[in-house]
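Heads up, the sequence shown is in the numbering used here, so the first residue is 7 and it goes up one at a time.
Quick reminder that beta carbons are idealized off the backbone N, C-alpha and C, glycines included.
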Amino acid sequence: MNLVPDYGRSFGLWRAGAGDTWRDYTRHAFVKGLGDGTLPRSSFIHYLIQDYVYLVHYGRAWALGVVKAETMAEMKICAATVDSLMSQEMSLHVAVCAAEGISEDELFSAVEDDENLAYTRYVLDAGLSGDYLDLMAALLPCAFGYGEIGLNLAETAVADTPYREWIEVYAGADYQDICRNLGGMIDVSLAQRIGDEPEKSVRWGRLQKRYSRASALEANFWSMGLRGELRGKLRSL
């Protein structure tokens with residue numbers, strides 16, 4: 007089963023344009039392990055540590071969206087996303103890692119794996135060197151992909167998977183509402199800047215490349231998680 011969520015027209019176009027890269031991301035072996043419960047615990051904890059660090063930079067990139075925005079609606083949704091990341095999504099990481107004896111201070115100072123470093127800096131560079139649309143094309147694969155993964159795992163995961171809490175966060179109504187709101191926002195932003203059929207614009211190819219590249223970096227992030235190299239990754243730089 008592969009449920010395709012409705013996060014708006016632009017999501018559908020970008021998703022289709024990413025092709026195999028999107029499938030590599032949303033149907034990765036790490037994702038399957040979450041669903042059938044076979045993912046090693048060490049891999050999951052290693053992923054959570056790295057994802058906490060990732061979300062710190064992801065939040066900074068969304069804050070940059072406030073700077074790059076051209077409308078109050080865009081500013082509000084970027085600011086709301088930062089708040090949601092900091093007050094809700096990251097709390098899951100903190101709680102699970104605390105049960106493993108890992109403090110939030112240790113999470114914040116954890117050493118970034120190369121895949122994490124490459125991904126977060128790619129997203130930030132997209133925003134610093136480009137405009138609002140460039141930044142969104144690099145940011146949204148994370149939000150949309152996790153939404154799609156959550157929906158699919160909610161339908162297919164075995165009942166006793168130890169990763170049920172993670173699945174419920176991303177399949178839940180709150181996160182799905184975030185994805186739909188982001189999808190509606192980017193549809194409007196694209197229409198305001200490059201027309202009602204943005205895929206016919208000369209800019210579309212560049213935006214698709216950004217979206218596809220960020221999707222590939224997401225798949226690499228899962229592969230990093232599978233390595234499960236937990237020890238030695240909590241030391242401070």
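Cβ neighbours of residue 87 within its own chain (closer than 6 Å, five residues either side excluded): 68. Taken in chain order, the whole alpha helix (DSSP H) runs of length 4 or more contained in the segment 128 to 211 are 138 to 162, 170 to 177 and 179 to 200. For residue 82, the number of other beta carbons within 10 angstroms of its own is below 16, and it is reported as exposed. In this structure, the straight-line span from the alpha carbon of residue 30 to that of residue 153 is close to 15 Å. For the pair residue 227 and residue 17, the CB atoms are not nearer than the 7 Å cut-off. If you draw a straight line from the Cα of residue 92 to the Cα of residue 103, it is about 16 Å long. DSSP places residue 116 in the coil class of the three-state scheme, outside both helix and strand. DSSP places residue 59 within a helical segment (H, G or I) once states are collapsed to three. Using a C-beta cut-off of 8 Å, the segment 195 to 202 makes contact with the segment 133 to 141, since at least three inter-stretch Cβ pairs fall below that distance.
The Cβ neighbour count for residue 115, taken over all protein chains shown within 10 Å, is under 16; the residue is labelled exposed. When DSSP states are grouped into helix, strand and coil, residue 87 belongs to the helix group. Within the same chain, 164 come within 6 Å of residue 42 by CB-CB distance, once the 5 residues on both sides are set aside. Considering only 34, 121 and 96, the residue with the shortest C-alpha distance to residue 175 is 96.
In terms of Cβ geometry, residue 48 and residue 231 do not form a close pair [threshold 7 Å]. Within the same chain, 173, 174 and 177 come within 8 Å of residue 160 by CB-CB distance, once the 5 residues on both sides are set aside.
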